[in-house]
Amino acid sequence: MPHNFYYSDKYYDDQYEYRHVVLPKELVKHVPRTHLLSEQEWRAIGVQQSQGWVHYMIHDPEPHVLLFKRKITTPPEGGRGEEK
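Here full-length UniProt numbering is used: position 12 in the sequence shown is 12, and no number is missing along the way.
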């Protein structure tokens with residue numbers, strides 16, 4: 001059965017770009033609540049995104065939402081704020 005992941009648009013501050021990924025609810029059981037996921041772990045549950053993203057926060061009320069960030073290496077075209 002294919003899983004439907006939701007990938008947010010990227011959003012930015014002065015140092016990082018961010019995005020969140022909403023997992024299908026049936027995959028929540030594969031997300032540990034004791035530690036942040038390594039890249040190998042989030043790829044193993046089916047998250048697909050380019051290299052460099054770091055799972056940086058666990059939001060207890062919504063364990064099916066994974067929060068990612070990565071250092072900005074080139075400024076976004078639209079400047080600060082949401083991706084245009």
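Beta carbons are placed, not taken as given, at the ideal position from N, Cα and C, and that holds for glycine.
A quick note: this is a predicted structure, and the numbers were derived from the prediction, not measured.
query, result
"By a C-beta neighbour count over all protein chains shown, 10 Å radius and 16 as the cutoff for buried, is residue 137 buried or exposed?", "Outside the displayed span of the chain (1 to 84) sits residue 137, for which this structure offers no information."
"Can you tell me which of the three DSSP states Leu66 falls into?", "strand"
"Please report the Cβ distance between Lys10 and Arg19, rounded to the nearest whole angstrom; I am assuming they are in contact, meaning their Cβ atoms lie under 8 Å.", "5 Å"
"Could you check whether Gln49 and residue 92 sit closer than 9 Å to each other, using their CB atoms as the reference points?", "One cannot answer for residue 92 here, as it falls past the ends of the chain, which runs 1 to 84."
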